[in-house]
Amino acid sequence: MIRKYSRSVETASHSDLLLLTAWKESRQNVFTDTAGSAGPLRPEFTITYVAVSAIFFNSGLSLKTEELTSALLHVKLHLFVQSFTLVFFPVAMWLCIKLLALTSINTWLLRGLQTVGCMPPPVSSAVILTKAVGGNEAAAIFNSAFGSFLGILVTPLLLLLFLGSSSSVPFSSIFSQLFMTVVVPLILGQVSRRFLRDWLERRKPPFGVISSLVLLMIIYTTFCETFSNPDIELDHLSLLLITFIIFCIQLSFMLLTFVFSTQKQSGFTPADTVAIMFCATHKSLTLGIPMLKIVFEGYEHLSLISVPLLIYHPAQILLGSILVPTIKSWMNSRQKGVKLTDLQPI
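In our numbering, the protein residues as written are 270 to 615.
Structure, rendered in C-alpha cells:
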C-alpha cells in the first residue's frame with residue numbers, strides 16, 4: 270500500500286510539473302516581457318549564471334565524494350556518451366536531413382536541426398532527470414561538464430563540416446564561464462558537504478524538489494525568450510511538424526542508447542543506463558544559442574536556424590519528465606533482479 274501511494278505521489282509530482290509548464294506556455298503572450306532578455310527576471314544572468322550554478326552546488330552538496338571519484342574512473346561510460354553525442358548524433362542528423370530535404374519543410378529549419386545535432390550535452394537538464402530517476406548522478410555530472418567543455422572546441426568544427434560556417438569563437442570567455450558556473454559551484458558544494466554531512470543526513474533536504482524548481486524556471490524563460498523574438502515568423506504547420514520530428518528523434522535516440530547500454534557485454538549497470546540515456550541524447554541551449562549567434566553572425570535566417578534548438582531544449586525536459594516514472598520503475602526492477610541473483614546459492 271505504501272509503495273503504491275509513493276508511486277502515485279511521484280507520478281502526480283511529474284504531472285504537476287507538466288501542467289505548470291503547459292499553463293505557462295498558454296499564458297506566454299502575457300509574460301514574455303517579464304522573462305525575456307530585457308525583462309526584470311534577467312535570464313541572461315539569472316539562468317546562465319545563478320540557476321546553473323545552483324544546480325551544480327546542489328549536486329555537490331548532495332553527492333558523496335567517493336561517488337564523484339568513482340565516476341571519474343568510469344572511462345567506458347564517458348567514451349560511449351561523448352562519442353554518441355558528438356559523433357553519432359550529428360552524422361545521424363545529417364542522414365535524416367537528407368531525407369527530410371525531399372519534403373517541403375523550410376530549408377533553414379532543416380539546417381537548424383543539423384545545428385542541434387552538433388551541440389554539446391547540457392549542463393543541467395540531464396543531471397536533474399538522472400537524479401530524479403535515481404540513476405548514476407555522478408556520471409551524469411561528469412559527462413555534462415566534460416561534454417560542455419569538449420563541445421566548445423568540437424561544436425564549431427562540426428558546424429563548419431556540416432554547414433560550411435566558420436567564425437572566431439571566444440574559447441577563453443566560454444571556458445571561464447563554464448568553469449565558474451559548473452566546476453566552482455560543484456567544488457563549493459563538496460566542501461560544504463564536509464562541514465554539513467551530519468546535518469544533511471539527519472534532515473535530508475529536498476534536493477530533488479530544488480532541482481525541479483530550477484528546471485521549471487529554465488523552461489519558462491526559454492519559451493519567453495523564444496516567443497518574444499519578433500524575427501521568428503513560422504506558420505503553425507511548420508512549427509507542429511518540426512516539433513513532431515524533434516520528439517521522434519529524441520525517442521528514437523533514447524531507445525537506441527537504452528538498447529546498446531543494456532546489452533550484457535556492455536558492462537553498464539541500470540543506473541549507468543539512465544545517465545547514458547539522458548546525457549547522450551540531450552543538447553545544450555545555454556551554450557548552443559550563444560554559439561549559434563557567434564558562428565552565424567550576420568546570417569539573415571539566424572532566427573529560423575535557432576528554432577529547432579529552442580524547441581529541442583524544453584522538449585527534452587518534457588519528454589524526460591514524462592518518462593521518469595517508467596524509467597525509475599524499470600531501473601528498480603532490474604536492480605532487485607540483480608540482488609536476487611546475487612543471493613542465490615551457487
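Quick reminder that beta carbons are idealized off the backbone N, C-alpha and C, glycines included.
Item, Value
"Assigned exposure category for residue 416 - 16 Cβ within 10 Å defines buried", "buried"
"Given 8 Å, three or more beta-carbon pairs between the segment 507-516 and the segment 570-583", "yes"
"Best match in 541, 395, 383, 366 for proximity to residue 586 [C-alpha to C-alpha]", "395"
"9 Å Cβ cutoff met for residue 340 and residue 418", "no"
"8 Å contact criterion, which residue 403 and residue 605 should meet: CB distance rounded", "Not quite, the Cβ-Cβ distance comes to about 13 Å (not below 8 Å), so this is no contact."
"The segment 541-548 contacting the segment 368-379, beta-carbon criterion three pairs below 8 Å", "no"
"Whole-number beta carbon distance between residue 458 and residue 325, since they are thought to touch under 8 Å", "7 Å"
"Residue 388 in three-state terms, based on DSSP", "coil"
"Buried or exposed (CB count within 10 angstroms, at least 16 for buried), residue 467", "exposed"
"For residue 479 and residue 426, the rounded distance between their alpha carbons", "36 Å"
"Nearest candidate by alpha-carbon position, reference residue 593, set 400, 444, 559, 581", "400"
"Every unbroken alpha helix (DSSP H) within the segment 497-539, with a cutoff of 4 residues, ordered by chain", "505-530"
"Exposure label - residue 447; buried when at least 16 CB within 10 Å", "buried"
"Whole-angstrom distance between residue 444 and residue 280, CA atom to CA atom", "Because residue 280 sits at a pLDDT of 42, beneath the cut-off of 50, its placement in the model cannot be relied upon, and the following sentence gives the value as read from the coordinates. Their backbone Cα atoms lie some 38 Å apart in a straight line."
"Rounded distance between the beta-carbons of residue 349 and residue 387, thought under 8 Å", "Their Cβ separation, rounded to whole angstroms, is 19 Å, which puts residue 387 and residue 349 out of contact at 8 Å."
"Separation of residue 483 from residue 456, as counted between CA atoms", "20 Å"
"Residue 550 vs residue 358 beta-carbon contact at 9 Å", "yes"
"Alpha carbon of residue 334 to alpha carbon of residue 473, nearest angstrom", "17 Å"
"Helix, strand or coil at residue 291 [DSSP, three-state]", "Its pLDDT being 42, under 50, residue 291 is placed unreliably in this model, and the value from its coordinates should be taken loosely. Residue 291 falls in the helix class under three-state DSSP."
"Which of helix, strand or coil DSSP assigns to residue 341", "helix"
"Endpoints, the alpha helix (DSSP H) within which residue 411 is located", "406-432"
"Reference residue 616; option with closest CA among 485, 424, 524", "Any answer about residue 616 is impossible in this case: the structure gives the chain only from 270 up to 615."
"First and last residue of the uninterrupted alpha helix (DSSP H) at residue 395", "394-402"
"Residue 605, DSSP secondary structure in three states", "helix"
"Three-state secondary structure (DSSP) of residue 373", "coil"
"Alpha carbon of residue 556 to alpha carbon of residue 536, nearest angstrom", "32 Å"
"Where residue 296 sits in the DSSP three-state scheme", "Bear in mind that a pLDDT of 46 at residue 296, under 50, signals an unreliable position, so the model cannot answer this."
"Residue 505 to residue 375 span [Cα, whole Å]", "13 Å"
"Assigned secondary structure, residue 474 (DSSP; H/G/I helix, E/B strand, else coil)", "coil"
"Rounded Cβ spacing between residue 450 and residue 321 (contact assumed at less than 8 Å)", "5 Å"
"Unbroken alpha helix (DSSP H) run spanning residue 325, endpoints", "321-331"
"Complete alpha helix (DSSP H) runs within the segment 543-575 (minimum length 4 residues, chain order)", "554-564"
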